[in-house]
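Here's the structure we're looking at; comments come further down.
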Amino acid sequence: MAGDDEKKQNGTSFDLNDFTIIKEGDAEILMHAKNEVFYNNSQGSGSHLILAHPNYLQQVNNRDMSIAVLRTFISQRKQEHDAMLARRTKAGNKAPNAKAENPGDSVQQNGEANDGSEVLKDASHGESSSIPVEQTKNLRGKGREELKPPRVLEALSASGLRALRYAREVEGISQVVALDNDKASVEACRRNIKFNGSVACSKVESHLADARVYMLTHPNEFDVVDLDPYGAPSVFLDSAVQSVADGGILMCTATDMAVLCAANGEVCYSKYGSYPLRGKYCHEMALRILLASIESHANRYKRYIVPVLSVQMDFYVRVFVRIYTSASDVKNTPLKLSYVYQCIGCDSFHLQTVGRTVSKDKSVRCLPGFGPAVPQECSDCGKKFNMGGPIWSAPIHDQEWVAAMLANVKSMKERYPAYERISAVLTTVSEELPDIPLFLSLHNLCATLKCTSPSAVIFRSAVINAGYRISGTHVNPLGLKTDAPMNVIWDIMRCWVRNHPVKAQPSDQSGSVILAKVPVLQANFARAVASLSQAQAKKVARFLPNPERNWGPKLRAGRQITSKHVSLLGPKALNAMSNHEIGEGSSHENGDGSNHENGDGINHENGDGSNHEDVEEPAAKRKKTEESDS
1 MAGDDEKKQN
11 GTSFDLNDFT
21 IIKEGDAEIL
31 MHAKNEVFYN
41 NSQGSGSHLI
51 LAHPNYLQQV
61 NNRDMSIAVL
71 RTFISQRKQE
81 HDAMLARRTK
91 AGNKAPNAKA
101 ENPGDSVQQN
111 GEANDGSEVL
121 KDASHGESSS
131 IPVEQTKNLR
141 GKGREELKPP
151 RVLEALSASG
161 LRALRYAREV
171 EGISQVVALD
181 NDKASVEACR
191 RNIKFNGSVA
201 CSKVESHLAD
211 ARVYMLTHPN
221 EFDVVDLDPY
231 GAPSVFLDSA
241 VQSVADGGIL
251 MCTATDMAVL
261 CAANGEVCYS
271 KYGSYPLRGK
281 YCHEMALRIL
291 LASIESHANR
301 YKRYIVPVLS
311 VQMDFYVRVF
321 VRIYTSASDV
331 KNTPLKLSYV
341 YQCIGCDSFH
351 LQTVGRTVSK
361 DKSVRCLPGF
371 GPAVPQECSD
381 CGKKFNMGGP
391 IWSAPIHDQE
401 WVAAMLANVK
411 SMKERYPAYE
421 RISAVLTTVS
431 EELPDIPLFL
441 SLHNLCATLK
451 CTSPSAVIFR
461 SAVINAGYRI
471 SGTHVNPLGL
481 KTDAPMNVIW
491 DIMRCWVRNH
501 PVKAQPSDQS
511 GSVILAKVPV
521 LQANFARAVA
531 SLSQAQAKKV
541 ARFLPNPERN
551 WGPKLRAGRQ
561 ITSKHVSLLG
571 PKALNAMSNH
581 EIGEGSSHEN
591 GDGSNHENGD
601 GINHENGDGS
611 NHEDVEEPAA
621 KRKKTEESDS
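Its first residue numbered 1, the sequence shown is counted upward by one per residue in UniProt numbering.
Below you can see the structure in the form of structure tokens.
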């Protein structure tokens with residue numbers, strides 16, 4: 001093969017017998033027998049050394065999704081550039097005629113600014129930009145401005161597999177800069193670059209550097225910046241938003257789900273500037289907290305974000321946002337942020353925007369939002385509210401982008417090792433209501449009322465027949481997004497309970513208070529045509545089963561393996577890990593760029609994104625179980 005000949009001609013100074021070759025997509029990396037450097041097959045790459053872990057599928061999902069976004073970005077970038085050139089040419093043709101008619105007019109007119117430059121509108125965001133006439137003339141001639149191929153920065157590259165896949169699989173990329181602050185990781189990355197032949201050598205560069213310093217010293221230089229750290233990305237965000245070129249894209253992962261999902265709310269506030277709430281929607285709230293944090297960092301430099309895709313996959317969240325520069329558009333940020341009020345009794349939630357706008361004559365003023373959005377006590381059950389946020393309450397996806405990505409993935413399914421998984425996620429995302437923040441859980445509603453649960457189709461039909469919209473969510477197969485207010489939701493549930501009676505409950509419980517009220521809306525449970533999405537009607541897989549038994553996050557670093565971990569790991573894995581520890585006699589490092597034992601890149605034990613012990617079983621019960629086992 002030509003690739004093999006290239007690898008032999010690279011003059012590599014290492015013995016291939018000392019390595020295991022791992023292939024993913026078109027890229028190959030060398031895994032040292034002594035596990036000198038990592039291969040992160042669990043979640044996200046990082047800048048530390050780790051032990052390879054068998055949860056391979058999780059990280060392939062991450063990289064495949066990133067490649068799909070990157071291919072769509074390059075295509076969209078080309079379309080936007082061609083549209084801009086067409087507008088400039090059209091404006092340039094009109095400008096001389098306008099000048100001839102009004103030679104002494106210094107006021108902006110017909111697309112002409114009073115300083116002799118043309119004022120144009122950005123097609124997708126309505127931003128004005130002044131373009132000198134001389135530059136426009138050049139665009140109309142042979143010296144027409146060409147779009148430069150995008151440059152990509154992978155800030156935490158480790159073994160370099162992600163950078164190599166970008167370089168070898170995504171057409172149109174001019175350069176990929178791979179950074180890491182660990183010497184062994186950089187050496188392994190350079191070794192892998194050589195091993196992947198001339199294409200990788202010509203496009204990928206590996207540098208030993210602190211990603212924060214490098215991004216700060218290279219502002220507006222990269223069209224794509226990829227942040228995939230182990231843990232919180234908060235320390236990288238300030239420099240990352242400055243390093244992205246105007247109109248570029250920032251890809252960012254957060255694996256500290258315990259923090260983002262309200263197990264440690266005060267820590268989340270210190271890292272991201274938002275307070276999380278415990279609820280069934282906690283993973284979507286984690287996405288929105290991360291987006292709000294990125295927006296906050298961007299605003300400090302007169303920049304703002306436009307999310308194109310935001311997903312919660314496996315045990316992490318990953319967002320893809322475009323970054324633009326506009327001091328006027330930054331003023332609209334308070335309109336995109338909201339505080340969340342969640343009832344402690346019935347889990348009803350309400351949002352209150354941080355800001356609002358007031359129009360007077362032709363001017364628009366930004367003012368603080370009206371409040372409070374809720375009374376002191378819940379109008380449904382009479383309990384108090386917890387307040388969280390602020391979170392990003394604007395859309396977290398661009399549906400046109402999602403459709404383009406899904407079409408690309410389906411047309412190149414053989415190029416995506418994790419095709420089934422990412423196509424399922426994109427299909428579910430494409431059916432979400434884009435303008436509805438957070439979601440309800442049907443099972444949670446029924447748990448409050450202590451009633452049997454209606455099927456999702458029946459509940460959806462009741463909401464649709466009441467005149468409201470409803471959809472699923474990619475975050476939770478039981479989650480339902482709807483624009484119906486909570487009083488309508490509870491009226492529907494009251495009508496359901498009327499036909500399916502429940503046992504009498506104490507009068508002070510939230511469910512009893514809710515059911516004691518007479519429903520204002522009489523629900524219609526007749527099956528609606530739109531109660532099933534197109535994917536459901538066609539029986540397209542949207543939520544795939546776990547790839548293996550006992551699949552989930554592994555143990556947190558520093559924890560001893562005991563019999564209580566059987567439910568997490570399974571008896572075979574438990575015995576294997578115990579024997580491995582005895583045989584090695586020392587602790588190993590993980591393979592995704594960290595010193596933690598859990599291979600999914602999360603500091604939690606539980607699969608719902610939290611490390612609070614009372615989710616699985618109370619601490620006292622655990623202690624009692626351990627004592628009985630001993």
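The beta-carbon is built from N, C-alpha and C at its ideal position, and this holds for glycine as well.
Going by DSSP, what residues sit across from residue 639 in a beta bridge?
Outside the displayed range of the chain (1 to 630) lies residue 639, so it cannot be described from this structure.
Roughly how many angstroms separate the alpha carbons of residue 304 and residue 225, rounded to a whole number?
15 Å
One or two residues paired with residue 356 in a DSSP bridge
DSSP, once it has assigned bridges, lists 367 as partnering residue 356.
If you run the structure through DSSP and keep just helix, strand and coil, what is residue 174?
coil
Would you check if there are 3 or more beta carbon pairs closer than 8 Å linking the segment 378 to 393 to the segment 348 to 362?
yes
Closest to residue 436 by CA distance: which of 301, 391 and 181 is it?
391
Near residue 529, which residues of its chain fall below 6 Å by C-beta distance, leaving aside the five closest residues on each side in sequence?
Excluding residues up to 5 positions away in sequence, nothing lies with its Cβ nearer than 6 Å to the Cβ of residue 529 in the same chain.
I'd like to confirm the pairing. Which residues does DSSP put opposite residue 482 in its beta bridges?
Partner(s): 470.
Residue range of the unbroken beta strand (DSSP E) whose run includes residue 429:
Residue 429 -> not in any beta strand (DSSP E); alpha helix (DSSP H) instead, spanning 419 to 430.
Return the chain-ordered ranges of every alpha helix (DSSP H) run that is complete within the segment 200 to 241 and spans a minimum of 4 residues.
211 to 216
Rounded to whole angstroms, what is the Cα-Cα separation between residue 514 and residue 450?
The straight-line gap separating the alpha-carbon atoms of residue 514 and residue 450 is approximately 11 Å.
Using only alpha-carbon positions, find the residue among 536, 487, 173 and 230 that is nearest to residue 379.
The shortest CA-to-CA distance from residue 379 to any of 536, 487, 173 and 230 is the one to 487.
Do you know how far the Cα of residue 269 is from the Cα of residue 299?
18 Å
Once DSSP output is grouped into helix, strand and coil, what is the label at residue 307?
strand
Whole-Å CB distance - residue 389 paired with residue 369, under 8 Å assumed:
The pair is not a contact, with the Cβ atoms about 12 Å apart (cut-off 8 Å).
Can you check which of these residues, 280, 381, 357 and 290, is closest to residue 508 by C-alpha distance?
381
From residue 207 to residue 222, what distance separates their C-alpha atoms?
Approximately 15 Å, taken between the alpha carbons.
Mind checking residue 543: buried by the 16 CB within 10 Å criterion, or exposed?
exposed
My guess is that residue 319 and residue 252 are in contact by the Cβ rule of under 8 Å, so how many angstroms apart are they, rounded?
About 5 Å separates the Cβ atoms of residue 319 and residue 252, confirming a contact at the 8 Å cut-off.
Do the segment 158 to 171 and the segment 193 to 200 meet, that is, are 3 or more Cβ pairs less than 8 Å apart?
yes
Please report how far the alpha carbon of residue 377 lies from the alpha carbon of residue 232, in whole angstroms.
Approximately 35 Å, taken between the alpha carbons.
Helix, strand or coil for residue 294? Go by DSSP, reduced to three states.
helix
Residue range of the unbroken alpha helix (DSSP H) whose run includes residue 250
No alpha helix (DSSP H) holds residue 250; the beta strand (DSSP E) holding it covers 244 to 254.
Cβ atoms of residue 274 and residue 292: under 8 Å apart, would you say?
yes
Kindly say whether residue 430, judged by its beta-carbon, lies nearer than 8 Å to any beta-carbon of chain D.
The question asks about chain D, but that chain is absent: this structure has only one protein chain.
Under 8 Å: do the segment 497 to 512 and the segment 334 to 342 share three or more Cβ pairs, one atom per stretch?
no
Just to confirm, are residue 317 and residue 290 a CB contact at a threshold of 8 Å?
Cβ distance < 8 Å, so residue 317 and residue 290 count as in contact.
How many angstroms separate the CA atom of residue 469 from the CA atom of residue 394?
Approximately 17 Å, taken between the alpha carbons.
Would you mind stating whether residue 152 and residue 176 have Cβ atoms separated by less than 8 Å?
yes
List the residues that DSSP assigns as beta-bridge partners of residue 151.
175
Where does the unbroken alpha helix (DSSP H) through residue 443 begin, and where does it stop?
Element bounds for residue 443: 442 to 449.
Anticipated Cβ contact below 8 Å, residue 64 with residue 422, distance rounded:
Under the criterion of beta carbons closer than 8 Å, residue 64 and residue 422 qualify as touching, at roughly 5 Å.
Closer than 6 Å by C-beta to residue 281: which residues in its own chain qualify, once you throw out the five before and the five after it? Chain order, please.
438 and 439
Use the C-beta contact count for residue 398: other C-beta atoms within 10 angstroms, 16 or more gives buried, fewer gives exposed.
buried
Residue span of the beta strand (DSSP E) that contains residue 456, given as start and end:
It is not in any beta strand (DSSP E) - residue 456 instead sits in the alpha helix (DSSP H) that spans 456 to 465.
Collapsed DSSP secondary structure at residue 376 in the structure displayed
coil
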